[in-house]
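Respectively, the protein sequence lines represent chains G and S.
Count along the first sequence starting at 1, add 450, and that's the number in my numbering.
Count along the second sequence starting at 1, add 173, and that's the number in my numbering.
Cβ coordinates follow ideal geometry from the N, Cα and C atoms, glycine included.
Structure first, commentary second.
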Amino acid sequence: MTKSPIEMDLALHAIDAFEQANDLMEEGASPSELRPSFTTLYQYVQGLINAPWQDFHQVMQQYPDAAADFEHLIRTQAFAHFPELAAAAGDSISRREQEGYLLSLAASIAAPDQVYLSIETNIDLSEEPRHIFIKSADMAWIEIKIPPMTNGRAQIVLTNDDPAVRAFGQPGAVLYIR
Amino acid sequence: MSLSLDALNLEGAKSEALRAAIACIMDATAVDGGPRYSRRVISALTRMIVCRSYAKPTLELSHLIAAISDNKNRFEHVLWGVDRASPTSFRGHIRTAKLIETKAKISVQGITHISGGDEFLISFGRMPVLAALVEFLITIFGYQRVDEITATIRSGSPSMREVSDVANALQRELYAYLKKNLPPAHRQKRERHFLQFVDEQAGNRTGAEAISDDAVLAYWRAFADDTSHDNKTYRSVYEMAVRMVIALDTASERIQGNNAASIGTHREAGEFDLEDVEAVMAAYDPDDTALSRVVENSVDAVKFITATEVEFLSTLPMRSSIERRVPLSIVRNAVQGAHQLKISAALRRDSSVNQAVLLVREGSYQDCLRKYQELSDVLERILAAALWVLFSARHPSAISVALTLAPDINWGALATTAAAENETTVVVSMDIRRTMNQFFDTVPDARGEELQALMAECRQAYRSINRKGFTDPGDPAAVSAMSDGVDDLTALIAAIRRYTEREVGNVEWDDIEREDIPVFRQIFNRLYLRAAGIAAHD
Numbered sequence: 451m452t453k454s455p456i457e458m459d460l461a462l463h464a465i466d467a468f469e470q471a472n473d474l475m476e477e478g479a480s481p482s483e484l485r486p487s488f489t490t491l492y493q494y495v496q497g498l499i500n501a502p503w504q505d506f507h508q509v510m511q512q513y514p515d516a517a518a519d520f521e522h523l524i525r526t527q528a529f530a531h532f533p534e535l536a537a538a539a540g541d542s543i544s545r546r547e548q549e550g551y552l553l554s555l556a557a558s559i560a561a562p563d564q565v566y567l568s569i570e571t572n573i574d575l576s577e578e579p580r581h582i583f584i585k586s587a588d589m590a591w592i593e594i595k596i597p598p599m600t601n602g603r604a605q606i607v608l609t610n611d612d613p614a615v616r617a618f619g620q621p622g623a624v625l626y627i628r
Numbered sequence: 174m175s176l177s178l179d180a181l182n183l184e185g186a187k188s189e190a191l192r193a194a195i196a197c198i199m200d201a202t203a204v205d206g207g208p209r210y211s212r213r214v215i216s217a218l219t220r221m222i223v224c225r226s227y228a229k230p231t232l233e234l235s236h237l238i239a240a241i242s243d244n245k246n247r248f249e250h251v252l253w254g255v256d257r258a259s260p261t262s263f264r265g266h267i268r269t270a271k272l273i274e275t276k277a278k279i280s281v282q283g284i285t286h287i288s289g290g291d292e293f294l295i296s297f298g299r300m301p302v303l304a305a306l307v308e309f310l311i312t313i314f315g316y317q318r319v320d321e322i323t324a325t326i327r328s329g330s331p332s333m334r335e336v337s338d339v340a341n342a343l344q345r346e347l348y349a350y351l352k353k354n355l356p357p358a359h360r361q362k363r364e365r366h367f368l369q370f371v372d373e374q375a376g377n378r379t380g381a382e383a384i385s386d387d388a389v390l391a392y393w394r395a396f397a398d399d400t401s402h403d404n405k406t407y408r409s410v411y412e413m414a415v416r417m418v419i420a421l422d423t424a425s426e427r428i429q430g431n432n433a434a435s436i437g438t439h440r441e442a443g444e445f446d447l448e449d450v451e452a453v454m455a456a457y458d459p460d461d462t463a464l465s466r467v468v469e470n471s472v473d474a475v476k477f478i479t480a481t482e483v484e485f486l487s488t489l490p491m492r493s494s495i496e497r498r499v500p501l502s503i504v505r506n507a508v509q510g511a512h513q514l515k516i517s518a519a520l521r522r523d524s525s526v527n528q529a530v531l532l533v534r535e536g537s538y539q540d541c542l543r544k545y546q547e548l549s550d551v552l553e554r555i556l557a558a559a560l561w562v563l564f565s566a567r568h569p570s571a572i573s574v575a576l577t578l579a580p581d582i583n584w585g586a587l588a589t590t591a592a593a594e595n596e597t598t599v600v601v602s603m604d605i606r607r608t609m610n611q612f613f614d615t616v617p618d619a620r621g622e623e624l625q626a627l628m629a630e631c632r633q634a635y636r637s638i639n640r641k642g643f644t645d646p647g648d649p650a651a652v653s654a655m656s657d658g659v660d661d662l663t664a665l666i667a668a669i670r671r672y673t674e675r676e677v678g679n680v681e682w683d684d685i686e687r688e689d690i691p692v693f694r695q696i697f698n699r700l701y702l703r704a705a706g707i708a709a710h711d
């Protein structure tokens, strides 16, 4: 029946492959069920978008691949990286210093349930840091937004029970400023 | 061959991870919330995956990474420094990026990676798909792994050999991933059924030659209510025929152009060079036509075309082989195909509809043609307005647009001054710079010389258009987008005119419509009214 079998076969082969490609491109899962794309992670780390997730920690837990990409990304793009403190002097840390940045926690005298997190730097900033990302000792990701800095200084008020305060104090926590 | 249930489940699981990775790339959004990668880019990436034709793209990507990596050995700021991955955005961004001069050279076409005495060009046009490829690799292998593989080419001045080694490493990992995650393609029974039908009716004609307007209509009449194949709508049959024509024509070109099959392929046994398969797929990719490229160019700074215009023009295949082989089916699809969708929507709303709903309005075929022509006129006005913008910015691409819009103008007039200065010259000299200056110094005047009148017309067109990019002739983003988009716009106008004027300019559409109406009414009756128990007669 077929008069040009090779052309016909190649055409049908391509049709089969085309359908396979269409099938792969079919949108099954809704965007909210997908892992965050690398583009989203990059835009977020660069401060181009606000956190596109309601719960950053939960998203990072749900998608370990994305969390690994995020960690590598923040490590390569961070202004400062505060590694684990292997030989910490006490159980809880209240001060960390690295790469020209000093982070310190101080209790509020006026409101005993609050603490101040100070960020100080003597670096001439061409690009302002916007976030502190903390990976706690139990691998939970926490984000703290840094307000605009004045004379190399910014301060954030947190409550004592804020997970960020707890994580900051853990010697095993890793912090990044970006 | 039938698959067991277990095997089917396994196939499903196999494709799930890959499907999720592709969905993740499709979901990547620009800062404004629109897609970062166009449908055309996603299609090209998926084709590359399905056909495993990633050898060249991974080499291009490796050269690109080597060329753009900075003093900190990072490349992301260039690839993700662009919000929407389009050639225009990459061109704009890379021109302003600080690249290391000893290993990267920027030209009109793209970036050239320099290593030793050798050079490798990566065009701006390829960058969107390469950006999608690297994001896909990061998604499936992990960012850290991609970083490890590419480490050697991100620092210093990597040699061509090192770049090629990285490309090979990416290919090896991709091969292993796809072996695990890409299920085999399924045989498409419907297309084979259609081809067999056409072949049996075709007499001496073969391949795409056998697919005609009559064959498309006859197949639909015969199998519209055959539930084993999805042929209920005329549109679905027409679209299948279109795909088969393009696939068969391209397959024939590939086979004839490459009589000696690649080593290792055994065509009689159904083995083909995967590049041939990809080329055939690419040829009928609906996301890669003159229209889709204009749509893509309309996303950023300039709106060449509106959504309503796109919707109507998408009924035109924009490919001469289709227009030549099934010219009438195009209008049948645009009119009757669209009407069939309305019938089924009307029946869903109200099952008591009568026969009147089955008929298209008289003169619909003629109206359809008229609308195509009107849209090509609108687009030509847009092109004229774009010429005014490019002309005002003294952009060199204005000259080729002017030549397209007015090929009959006496361009020799621009050379007159130059020739007069040297009257002993027999051949008129067109000193390029001087000619360009003369062109850009033209004073628009509706009653002046031909070129002056053309520019006056373009200025008038510009003033009459109220679309994004046509309100400030000095906007550099609009100028750049127009210079990138005018070729595709010209191709789109040419494709519409080719069909309306050359292919079907002499068709007596009212006669065709008169013959078609009873045929379509009969089948619509069968499919909708009788099936719903509504009294109907053919």
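Check each candidate in Pro260/S, Tyr457/S, Ala239/S, Met221/S and name the one with the smallest Cα separation from Leu347/S.
-> For the purposes of this step, residue 347/S is taken as residue 174 along the second sequence, with counting starting at 1. The residue among Pro260/S, Tyr457/S, Ala239/S, Met221/S with its C-alpha nearest the C-alpha of Leu347/S is Met221/S.
How would you write the range of the alpha helix (DSSP H) that Gly430/S sits in, first residue to last?
-> Here residue 430/S refers to the residue found at position 257 of the second sequence. Per DSSP, Gly430/S belongs to the alpha helix (DSSP H) from 407-430.
Considering only residues of the same chain and omitting the five flanking positions on each side of Leu232/S, which have a CB-CB separation below 6 Å?
-> Along the second sequence, one-based indexing puts residue 232/S at 59. Cβ neighbours of Leu232/S beyond the five flanking positions: Ala340.
For Pro580/S, does the count of other Cβ atoms within 10 angstroms reach 16, so buried, or fall short, so exposed?
-> The residue labelled residue 580/S in the question sits at position 407 within the second sequence. Counting every other CB atom within 10 Å of its CB across the protein chains shown gives Pro580/S a total below 16, marking it as exposed.
Cβ of Asn470/S within 7 Å of Cβ of Gly658/S?
-> Here residue 470/S is taken as the residue at index 297 of the second sequence, counted from 1. Here residue 658/S is taken as the residue at index 485 of the second sequence, counted from 1. Against a cut-off of 7 Å, the Cβ pair of Gly658/S and Asn470/S comes out as a contact.
Are the beta-carbon atoms of Met454/S and Ala464/G separated by less than 7 Å?
-> As a working mapping, residue 454/S is identified with position 281 in the second sequence. As a working mapping, residue 464/G is identified with position 14 in the first sequence. A contact, by the Cβ cut-off of 7 Å.
Using a Cβ-Cβ cut-off of 6 Å (strictly less than) and excluding sequence neighbours within five positions of Val533/S, which residues of its own chain qualify?
-> For the purposes of this step, residue 533/S is identified with residue 360 of the second sequence, where counting begins at 1. Non-local C-beta neighbours of Val533/S in its own chain, meaning closer than 6 Å and more than five positions away in sequence, comprise Val508, His512, ordered along the chain.
Using the rule of at least 16 other Cβ atoms within 10 Å of the residue's Cβ for burial, across every protein chain shown, is Gln620/G buried or exposed?
-> For the purposes of this step, residue 620/G is taken as the residue at position 170 of the first sequence. In summary, Gln620/G is buried, with 16 or more beta-carbon neighbours lying within 10 Å of its beta-carbon over all protein chains present.
Would you check if the segment 591-601 of chain G and the segment 539-559 of chain G touch, i.e. whether three or more CB-CB distances between them fall below 8 Å?
-> Fewer than three Cβ pairs drawn from the segment 539-559 of chain G and the segment 591-601 of chain G lie within less than 8 Å of each other, which leaves the two stretches out of contact.
For Arg782/S, collect the residues of the same chain with a Cβ closer than 7 Å to its Cβ; drop the 5 residues on either side in sequence, then sort them by chain order.
-> Here chain S comprises residues numbered 174 to 711, so residue 782/S is not present and cannot be evaluated.
Grab the span of the beta strand (DSSP E) containing His531/G for me, first residue to last.
-> In the first sequence, residue 531/G corresponds to position 81, counting from 1. It spans 530-532 - the beta strand (DSSP E) in which His531/G sits, taken as one unbroken run.
DSSP three-state assignment for Arg573/G, whether helix, strand or coil = Locating residue 573/G in the first sequence gives position 123, counting from the first residue. Residue identity check: residue 573/G is Ile in the sequence provided, not Arg. In this structure, Ile573/G counts as coil in the three-state DSSP scheme.
Interface residues of chain G around Asp461/S at Cβ under 8 Å?
-> Translated into the one-based positions of the second sequence, residue 461/S becomes position 288. Correct list: empty, because the minimum Cβ distance to chain G is about 12 Å.
Taking one C-beta from the segment 410-425 of chain S and one from the segment 388-399 of chain S each time, how about it: are there three or more such pairs within less than 8 Å?
-> Yes, they touch.
Roughly how many angstroms lie between the CA atoms of Ser487/G and Leu498/G, to the nearest whole one?
-> Position 37 of the first sequence, counted from the first residue, corresponds to residue 487/G. Position 48 of the first sequence, counted from the first residue, corresponds to residue 498/G. C-alpha of Ser487/G to C-alpha of Leu498/G: approximately 15 Å in a straight line.
Reference Val302/S, options Ile555/S, Ala651/S, Leu252/S, Thr285/S, closest by Cα = Position 129 of the second sequence, counted from the first residue, corresponds to residue 302/S. Out of Ile555/S, Ala651/S, Leu252/S, Thr285/S, Leu252/S has the C-alpha closest to the C-alpha of Val302/S.
Neighbour flag for Asp519/G against chain S, beta carbons, 7 Å = Reading the first sequence from its first residue, position 69 is the one you call residue 519/G. By this cut-off, Asp519/G is an interface position.
Identify every residue that forms a DSSP beta bridge with Val565/G.
-> Locating residue 565/G in the first sequence gives position 115, where the first residue counts as 1. Looking at the DSSP assignment, Val565/G forms a beta bridge with Ala557/G, Leu608/G.
Identify which residue in Val307/S, Ala203/S, Ser188/S has its Cα closest to the Cα of Met475/G.
-> In the first sequence, the residue the question calls residue 475/G occupies position 25. Ranking Val307/S, Ala203/S, Ser188/S by Cα distance to Met475/G puts Ser188/S first.
Measure the C-alpha to C-alpha separation of Val509/G and Val607/G and round it to an integer number of angstroms.
-> Locating residue 509/G in the first sequence gives position 59, where the first residue counts as 1. Locating residue 607/G in the first sequence gives position 157, where the first residue counts as 1. Cα-Cα distance, rounded: 25 Å.
Report the residues of the segment 385-409 of chain S with a CB closer than 9 Å to any CB of chain G, ordered along the chain.
-> The residues in question: there are none.
For Gly207/S and Thr489/G, the rounded distance between their alpha carbons = Position 39 of the first sequence, counted from the start, is the residue given in the question as residue 489/G. Position 34 of the second sequence, counted from the start, is the residue given in the question as residue 207/S. The alpha-carbon atoms of Thr489/G and Gly207/S are separated by roughly 12 Å.
Given Phe263/S, which residues of its chain have a CB within under 6 Å of its CB, disregarding the five upstream and five downstream residues?
-> Taking the second sequence and counting its residues from 1, the one referred to as residue 263/S is at position 90. Excluding the 5 residues flanking it on each side, Phe263/S has same chain C-beta neighbours closer than 6 Å at Val255, Phe297, Met300, in chain order.
Mind pulling the chain S residues with CB within less than 8 Å of Ile465/G?
-> Locating residue 465/G in the first sequence gives position 15, where the first residue counts as 1. At a beta-carbon threshold of 8 Å, the residues of chain S lying near Ile465/G are Gln361, Glu364, Arg416, Met417, Ala420, ordered along the chain.
Specify whether the segment 186-205 of chain S and the segment 225-240 of chain S touch according to this definition: at least 3 beta carbon pairs, one from each stretch, less than 8 Å apart.
-> Judged by Cβ distances under 8 Å, the segment 186-205 of chain S makes no contact with the segment 225-240 of chain S, as fewer than three pairs qualify.
Going by the CB atoms, is the gap between Phe697/S and Leu548/S shorter than 7 Å?
-> In the second sequence, counting from the first residue as 1, residue 548/S sits at position 375. In the second sequence, counting from the first residue as 1, residue 697/S sits at position 524. Judged by beta-carbon spacing, Phe697/S lies beyond the 7 Å limit of Leu548/S, meaning their Cβ atoms are not closer than that value.
Note down, in chain order, every chain G residue with its Cβ under 7 Å from the Cβ of Ile195/S.
-> One-based indexing of the second sequence puts residue 195/S at position 22. Correct list: Leu474, Met475.
Looking only at its own chain, which residues have a Cβ that is under 6 Å from the Cβ of Ala270/S, when we skip the five neighbours before and after it?
-> The residue given as residue 270/S occupies position 97 in the second sequence. Correct list, in chain order: Val251.
Leaving out five residues on either side along the sequence, give the residues of the same chain with a beta carbon under 6 Å from the beta carbon of Gln605/G.
-> Numbered from its first residue, the first sequence carries residue 605/G at position 155. Excluding residues within five positions, the ones whose Cβ falls inside 6 Å are Tyr566, Ser568.
Name the DSSP beta bridge partners of Ile696/S, please?
-> Taking the first residue of the second sequence as position 1, residue 696/S is located at position 523. DSSP lists no bridge partner for Ile696/S.
Could you tell me whether the segment 348-368 of chain S touches the segment 461-469 of chain S, where touching means 3 or more Cβ pairs closer than 8 Å?
-> Inter-segment contact for the segment 348-368 of chain S and the segment 461-469 of chain S is absent: fewer than three beta-carbon pairs are separated by less than 8 Å.
Answer yes if the segment 373-387 of chain S comes into contact with the segment 400-412 of chain S, meaning at least three C-beta pairs across the two stretches below 8 Å, and no otherwise.
-> They do not touch, by the three-pair rule.
Gln511/G classed as buried or exposed, judged by whether at least 16 other C-beta atoms fall within 10 angstroms = As a working mapping, residue 511/G is identified with position 61 in the first sequence. Answer is exposed; the Cβ neighbour count stays below 16.
Keeping to the same chain, check which residues put their C-beta closer than 6 Å to that of Ala634/S; ignore five residues upstream and five downstream.
-> Taking the second sequence and counting its residues from 1, one reaches residue 634/S at position 461. So the qualifying residues of the chain are Arg554, Ala557, Ala558.
Proximal chain S residues relative to His507/G, where beta-carbon distance stays under 7 Å = Locating residue 507/G in the first sequence gives position 57, where the first residue counts as 1. None at all; the shortest Cβ gap to chain S is about 20 Å.
Comparing alpha-carbon positions, which option in Val371/S, Ala420/S, Arg378/S lies nearest Phe396/S?
-> Working through the second sequence from its first residue, we reach residue 396/S at position 223. Answer by Cα proximity: Val371/S.
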